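Asker:
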Amino acid sequence: MAKIATFEELEAWQRARELNRAVYDCSGSGRFAKDFALLDQIRRAAVSVMSNVAEGFERSGDREFLQFLAVAKGSCGEVRAQLYVALDQGYVSDQEFAKVSRIAIDTSRLIAGLIRYLRQSDLKGSKYR
């Protein structure tokens, strides 16, 4: 893996950003936008994915980064679970559900790959050289 200087360079963070855009797009109108509890929860979960990847990267060591990545991966699952609620309530179409769910799954897989890489690597420093 090439040296990564900023969290914005991480493919997992880039995909998490895409997940945020998709969640905000599908939840910003219609009945979904009026279900304030679900709206707030799914958006917070999506933001959590992106934020935890960034915050973990900015921490000083691999163990902290792994912990934050685990939280981010869990938040991907939370987004997917809440998408099922939105689908069951008729807030999103089958197509919207499939699109956002696919992005969440892809994001989770990228995070899992990064976790695997960090666990197997000898990187221990503050910037993961």
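In numbering that gives the first Met the number 0, the protein residues as written are 0 to 128.
Ideal placement from N, C-alpha and C gives every residue a C-beta, glycine not left out.
Values in this document were obtained by computation on a predicted structure and should not be read as measured data.
#1: For Y127, which of helix, strand or coil comes out of DSSP?
#2: Mark R128 as exposed unless 16 or more other C-beta atoms lie within 10 angstroms of its C-beta, in which case mark it buried.
#3: Quick check on L109: does DSSP put it in helix, strand or coil?
#4: Under a three-way DSSP split, which group does D34 fall into?
#5: With contact counted as at least three CB pairs below 8 angstroms, one residue from each stretch, are the stretch 79-98 and the stretch 12-31 in contact?
#6: Could you tell me the boundaries of the alpha helix (DSSP H) in which G76 lies?
#7: Quick one: what does DSSP say A4 is sitting in, helix, strand or coil?
#8: List the endpoints of the continuous alpha helix (DSSP H) containing N14.
#9: Kindly indicate which three-state DSSP category V52 falls into: helix, strand or coil?
#10: Just verifying my parser: in three-state terms, what is the DSSP assignment at V46?
Answerer: The short version:
#1: For Y127, the pLDDT reaches just 46, beneath the cut-off of 50, and the residue's location in the model is therefore unreliable, although a value from the coordinates is still provided. It is coil, neither helix nor strand.
#2: The predicted model places R128 with a pLDDT of 47, which falls under 50 and marks its position as unreliable; any figure quoted below should be read in that light. The residue in question, R128, is exposed, as its Cβ has fewer than 16 Cβ neighbours within 10 Å.
#3: helix
#4: coil
#5: yes
#6: For G76, the enclosing alpha helix (DSSP H) starts and ends at D61 to D87.
#7: coil
#8: Note that residue 14 corresponds to Arg in the displayed sequence, not to Asn. Counting along the chain, the alpha helix (DSSP H) containing R14 begins and ends at E10 to S26.
#9: helix
#10: helix
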